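Residue numbers 351 to 559, in the working numbering, belong to the letters of the sequence shown in order. We put the beta carbon where it would ideally sit given N, CA and C, even for glycine. As the structure is a prediction and not an experimental result, all values here were calculated from the model. Have a look at the structure below, then the notes.
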Amino acid sequence: MLPHEQLYLNGFENLVPPPTGSHPRQPNGFGPRSSTNLFFGILPDEKAGPQIDELAQTSCATHGLSGKILGIPRFHISLHSLGAPLAPLAFLIPKLSEIFAPLVAAISAFEVRFDRALTFKTKSEEQPFVLRNSQHNHFLLNLYRVFGTVLNRPAKTFTPHVILLYDRREVGEHPIAPVSWVAKELVLVHSLVGQGIHEHVARFPFRLP
351 MLPHEQLYLN GFENLVPPPT GSHPRQPNGF GPRSSTNLFF GILPDEKAGP QIDELAQTSC
411 ATHGLSGKIL GIPRFHISLH SLGAPLAPLA FLIPKLSEIF APLVAAISAF EVRFDRALTF
471 KTKSEEQPFV LRNSQHNHFL LNLYRVFGTV LNRPAKTFTP HVILLYDRRE VGEHPIAPVS
531 WVAKELVLVH SLVGQGIHEH VARFPFRLP
């Protein structure tokens, strides 16, 4: 564990008193995802967003996909989900900022890159069609590990990806023209589940050169 990881553990665990019957893996102040979900994400920049959208449209035409493309406002790399807020966002966001802003500020901005597209196999009828990187995006993997430690979550396999759409048709992994950008900030996203709305409620800048 890195020194700055240990520094923030107690503050997060004591964010707000846990509700009665709360899920044991949910951080204090959050319940299982329902109609809303709060998560940490990396968003494409102004150049990469349209590139991803164009790639999604081309993939639909090439592979016969008919699912609705998520669109530029919802393209993201999801790191850790906090779950459904059980306290007002006006209360939670300052508390989360106090804990995570200094942690993120100590991490240098880094490049993310995607050069493969494929269907992730799940148990759902409509499966996610995603972008991934053949070289694993090591900075994202490390960031995921750091946040997992702060959130006191067990280590598990993590594949950085961007979901383009959901579709019943399965597409095998194949190379694409690389899409890349420099991640300059981590965004706290409030997702209104089922409504197709992502609200960006806080931004935490990485350290710039």
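Check: Give the list of continuous alpha helix (DSSP H) stretches no shorter than 4 residues that lie fully inside the stretch 428-510.; Outcome: 439-455 and 488-500
Check: Just the Cα atoms here: how many angstroms apart are Arg302 and Leu393?; Outcome: The structure shown does not extend to residue 302, since the chain is modelled only from 351 to 559, so the question has no answer here.
Check: Note down the Cα distance separating His413 from Pro528, rounded to an integer number of angstroms.; Outcome: 19 Å
Check: Would Phe497 and Leu432 be called neighbours here (beta carbons separated by less than 8 Å)?; Outcome: no
Check: Check Gly414 in the structure and name its three-state DSSP category.; Outcome: coil
Check: So what does DSSP say about Leu558, is it helix, strand or coil?; Outcome: coil
Check: Determine the DSSP secondary structure at Ser541, reduced to helix, strand or coil.; Outcome: strand
Check: From Pro478 to Ile513, what does the alpha carbon distance come to, in whole angstroms?; Outcome: 6 Å
Check: Could you pull out every residue in the same chain whose Cβ sits closer than 7 Å to the Cβ of His548, ignoring the five residues on either side in sequence?; Outcome: Pro423, Arg424, Val539 and Ser541
Check: Mapping DSSP to helix, strand and coil, what is His354?; Outcome: Residue confidence for His354 is low, a pLDDT of 37 falling below 50, so the modelled location carries little weight and cannot support an answer.
Check: Is it buried or exposed, Arg482, if we count other Cβ atoms within 10 angstroms and call 16 or more buried?; Outcome: buried
Check: Exposed or buried, what is Thr472 when buried is set at 16 or more other beta-carbons lying within 10 Å of its beta-carbon?; Outcome: exposed
Check: Please identify the residue among Gly391, Asn502 and Ser484 whose C-alpha is closest to the C-alpha of Glu535.; Outcome: Gly391
Check: What separation, rounded to the nearest whole angstrom, lies between the Cα atoms of Phe450 and Leu493?; Outcome: 12 Å
Check: For Phe441, is the classification buried or exposed, using 16 other Cβ atoms within 10 angstroms of its Cβ as the cut-off for buried?; Outcome: exposed
Check: Taking buried to mean at least 16 other C-beta atoms within 10 Å of its own C-beta, is Thr469 buried or exposed?; Outcome: buried
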